[in-house]
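If you count the sequence shown from 1, position 109 lands on 109 in this note's numbering, and the numbers rise without skipping.
Even glycine gets a Cβ: it sits at the ideal position worked out from N, Cα and C.
These figures come from a predicted structure and were not determined experimentally.
Everything below concerns the one structure shown next.
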Amino acid sequence: MVIMILSILLMSVEEQSEISTLVSELPQRYTYSDRLKNFPTETSKKLVEQLSLQDMDGQYPAIIKIFGRHFGTVKSVDRTDGLRIVFGSDQVVHLRPSGNAPELRCYTESSAEAEAVTINQKALASLQDWLN
1 MVIMILSILL MSVEEQSEIS TLVSELPQRY TYSDRLKNFP TETSKKLVEQ LSLQDMDGQY
61 PAIIKIFGRH FGTVKSVDRT DGLRIVFGSD QVVHLRPSGN APELRCYTES SAEAEAVTIN
121 QKALASLQDW LN
């Protein structure tokens with residue numbers, strides 16, 4: 001927490017700008033979360049692992065197969081806490097096994113609030129279709 005505060009103060013000095021100005025320049029981001037219930041943790045972990053596999057060209061074929069028609073190309077993937085996928089449109093789908101329930105959690109981010117909800121619904125529906 002202290003490092004974050006110091007970083008913001010340092011950035012304010014370096015940019016010669018007030019913190020409120022720095023905040024106002026940040027892009028608007030909205031999040032939404034939901035989950036697949038009755039989804040065992042081990043199954044969630046295997047799914048995240050499978051989606052993380054890259055082919056010889058550095059692509060993510062399972063991600064493209066499941067989500068490609070709704071979200072397009074994969075811009076980046078981060079495995080820090082589950083699987084965070086940033087698509088070329090800057091839409092984000094973050095999947096992770098629940099730590100305390102048999103659920104697969106899905107978090108989404110977008111530049112519009114309604115879009116964050118829609119992205120989440122499409123992501124979970126795409127996963128359900130693929131699993132069935």
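Query raised in the report: DSSP three-state call for residue 34: helix, strand or coil?
Result: As a position in the sequence shown, residue 34 is number 34, starting the count at 1. DSSP places residue 34 within a strand segment (E or B) once states are collapsed to three.
Query raised in the report: CA-CA distance, residue 101 and residue 15?
Result: As a working note, residue 101 is residue 101 in the sequence shown. As a working note, residue 15 is residue 15 in the sequence shown. Approximately 45 Å, taken between the alpha carbons.
**Report entry** Separation of residue 120 from residue 91, as counted between CA atoms
**Finding:** Translated into the one-based positions of the sequence shown, residue 91 becomes position 91. Translated into the one-based positions of the sequence shown, residue 120 becomes position 120. Distance between the alpha carbons of residue 91 and residue 120 is about 10 Å.
Query raised in the report: When you compare each of 127, 40, 72, 34 to residue 99 by their alpha carbons, which one comes out closest?
Result: In the sequence shown, the residue the question calls residue 99 occupies position 99. Of the candidates 127, 40, 72, 34, the one whose C-alpha sits nearest the C-alpha of residue 99 is 40.
Query raised in the report: Roughly how many whole angstroms lie between the Cα atoms of residue 131 and residue 37?
Result: Here residue 131 refers to the residue found at position 131 when the sequence shown is read from its first residue. Here residue 37 refers to the residue found at position 37 when the sequence shown is read from its first residue. About 13 Å.
Query - Segment contact, 8 Å Cβ cut-off, at least three pairs: the segment 100 to 116 with the segment 25 to 33 - result: yes
Report task. Could you check if residue 13 is buried or exposed, using at least 16 other CB atoms within 10 Å of its CB as the buried criterion? Result -> Residue numbering aside, residue 13 sits at position 13 when the sequence shown is read from its first letter. Residue 13 should be labelled exposed.
Query raised in the report: Since residue 92 sits in a beta bridge, which residues does DSSP pair it with?
Result: On the sequence shown, position 92 is the one that residue 92 refers to. Note: residue 92 sits in a beta bridge opposite 86, 109.
Query raised in the report: For residue 84, which residues from the same chain have a beta carbon less than 6 Å from its beta carbon, with the 5 sequence-adjacent residues on both sides left out?
Result: Counting from one through the sequence shown, the residue named residue 84 turns up at place 84. Within its own chain, the residues whose Cβ lies closer than 6 Å to the Cβ of residue 84, once the five positions on either side in sequence are excluded, are 78, 94, listed in chain order.
Query raised in the report: How many whole angstroms separate the CB atoms of residue 47 and residue 124, which I take to be in contact at a CB cut-off of 8 Å?
Result: Within the sequence shown, residue 47 is the residue found at index 47, counting from 1. Within the sequence shown, residue 124 is the residue found at index 124, counting from 1. Contact annotation, residue 47 with residue 124: C-beta distance approximately 12 Å; criterion of less than 8 Å not satisfied.
**Report entry** Nonlocal neighbours in the same chain, by C-beta distance under 8 Å from residue 115, ignoring five residues either side
**Finding:** Here the question's residue 115 lines up with position 115 in the sequence shown. So the qualifying residues of the chain are 30, 91.
Requested in this report: Using only alpha-carbon positions, find the residue among 6, 122, 2 that is nearest to residue 67.
Outcome: Along the sequence shown, read from residue 1 onward, the residue named residue 67 stands at position 67. With distances taken between Cα atoms, residue 67 lies closest to 122.
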